[in-house]
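In terms of this note's numbering, the sequence shown opens at residue 2 and continues consecutively.
Idealized CB from N, CA, C, for every residue including glycine.
First comes the structure, then the notes that go with it.
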Amino acid sequence: MTTPTDTHGRVQDSFSAYLDGELAAPDKALVEQHLAACLQCRTHLEQLRRTLGSLGSLKRKAPPTFLPDIQRQIFTRSSGRFFGQRWRLFGKIPFEWLSMAMIVAMLAYYILTQHGAPTSVSPTP
Ligand SMILES: [Zn+2]
């Protein structure tokens, strides 16, 4: 036979499994039976449930609008200095394409001049 003190310990040890629904039926029945009779363990379980609940809400994924919302808020609070000006500027002037075109033009020029020049050493006058 187990003494009531043992039951307290055993019941409280299985609380996290009980809250996760991982407890086998006989153990679950034992826990619930004890909880019905024991205020101390009910309080303990309630505290654990609250702790796990707040942890669970921390682990919750951010909504998909999380980042745009923050960017919009920064944009608004910085009166357009961040996350607005930059995108508008990039919309007007495609720097990426400009630099790409520049590189391609330089490469083409280099290749063309290399092909045009004789491979042999040209005689000096
Ligand atoms: Zn108890």
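- Annotation for Ser-17: the continuous alpha helix (DSSP H) segment containing it runs 16 to 21.
- One alpha carbon belongs to Val-12, the other to Val-32, and they sit about 5 Å apart.
- Taking every protein chain shown into account, the CB of Phe-96 has fewer than 16 other CB atoms within 10 angstroms, so this residue is exposed.
- For Thr-77, the uninterrupted alpha helix (DSSP H) segment begins and ends at 67 to 78.
- Pairing Ser-15 with Asp-28 gives a Cβ-Cβ distance under 7 Å.
- For Gln-34, the shortest separation between its Cβ and any heavy atom of ligand 1 does not lie below 6 Å.
- Contact annotation, Leu-36 with Leu-20: C-beta distance approximately 12 Å; criterion of less than 8 Å not satisfied.
- By the criterion of a C-beta distance shorter than 7 Å, Arg-50 is surrounded in its chain by Leu-20, once the five residues flanking it on both sides are discounted.
- Judged by the Cβ position, Gln-48 fails to qualify as a neighbour of ligand 1 at the 6 Å threshold, every heavy atom of the ligand being at least this far.
- If you compare the alpha carbons of Leu-108, Gln-72, His-9, Ile-112 with that of Cys-42, the shortest gap goes to His-9.
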